[in-house]
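*Asks:* Quick one: this structure, given as structure tokens, is what I'll be asking you about.
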Amino acid sequence: MLQSKFIADILELLLDGDDAGILKRQVPYLSDAEYDYTISGVFVSFSHAAGIEQHRLDTGRLVLDGVTIESDIIPSGATATLFIKDGLIDFLEIWSHADTYPGNVLKTYTLTQVWKGSKGRKLTVGYT
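Sequential numbering of the sequence shown, starting at 1004, is according to our numbering.
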């Protein structure tokens, strides 16, 4: 189970383009197992619960991107990219466009779908 609302929200928007729904069905089997912070971003590795294999994507490797992140903490913004390995969601990379990335999970943010053909959905959390 995902512990971070921020990470869950990013996955929700990134997987909005998953018309077949296979990758979306993997999310309940994911845990955000490890956070590796760098000066410019973070890598979030996922562990898989038993049963996720029944939702394996036929494509071995895949990269999904197209969600931008806005936050007062990262004035230049950031981008999220999801990596699929052996048909399963493997890890998420978030990288700041120019600023130092904070060493913790964001609590206030706006996520926006920006890939061509997306619905352009926005999710805003923590701002009044």
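Glycine is no exception: its CB is placed at the ideal position from the N, C-alpha and C atoms.
Given the structure is predicted, the values throughout are model-derived calculations rather than measurements.
Taking the alpha carbon of F1049 as the point to measure from, which residue in Y1104, W1098 and L1014 has its own alpha carbon closest?
*Replies:* To locate residue 1049, count along the sequence shown from 1; it is residue 46. Comparing Cα positions, the closest option is L1014.
*Asks:* Under 8 Å: do the segment 1089-1107 and the segment 1122-1129 share three or more Cβ pairs, one atom per stretch?
*Replies:* With a cut-off of 8 Å, the segment 1122-1129 and the segment 1089-1107 do not count as touching, because too few Cβ pairs lie within range.
*Asks:* Counting only beta-carbon atoms, is A1081 nearer than 8 Å to chain B?
*Replies:* This model lacks chain B altogether; it includes just one protein chain.
*Asks:* Residues in its own chain within less than 7 Å of H1051 by CB, not counting five upstream and five downstream?
*Replies:* Counting from one through the sequence shown, the residue named residue 1051 turns up at place 48. Correct list, in chain order: Y1032, L1033 and L1091.
*Asks:* Quick one: grab the DSSP three-state call for Q1029.
*Replies:* Residue mapping note: residue 1029 aligns to position 26 of the sequence shown, counting from 1. It is helical.
*Asks:* Suppose the cutoff is 7 Å on Cβ atoms and the five residues either side in sequence are ignored; what does the same chain contact list for R1028 look like?
*Replies:* What you label residue 1028 is simply residue 25 of the sequence shown in a count that begins at 1. Same-chain partners within the cutoff: H1058.
*Asks:* Roughly how many whole angstroms lie between the Cα atoms of Q1116 and A1053?
*Replies:* Here residue 1116 refers to the residue found at position 113 of the sequence shown. Here residue 1053 refers to the residue found at position 50 of the sequence shown. Near 30 Å, if we compare the C-alpha coordinates of A1053 and Q1116.
*Asks:* Using 10 angstroms around the beta-carbon of D1061, count the other beta-carbons present and answer buried if the total reaches 16, otherwise exposed.
*Replies:* In the sequence shown, residue 1061 corresponds to position 58, counting from 1. So D1061 ends up on the exposed side.
*Asks:* Do I1072 and L1114 have their CB atoms nearer than 8 Å?
*Replies:* Sequence index remark: in the sequence shown, residue 1072 carries index 69 (1-based). Sequence index remark: in the sequence shown, residue 1114 carries index 111 (1-based). Yes, the Cβ-Cβ distance between I1072 and L1114 is below 8 Å.
*Asks:* Under three-state DSSP, which class holds G1123?
*Replies:* Numbered from 1 along the sequence shown, position 120 holds the residue referred to as residue 1123. It is coil, neither helix nor strand.
*Asks:* Between E1096, G1080 and A1081, which has its C-alpha nearest I1087's C-alpha?
*Replies:* As a first step, residue 1087 must be located in the sequence shown, where it is residue number 84. Nearest option by C-alpha distance: E1096.
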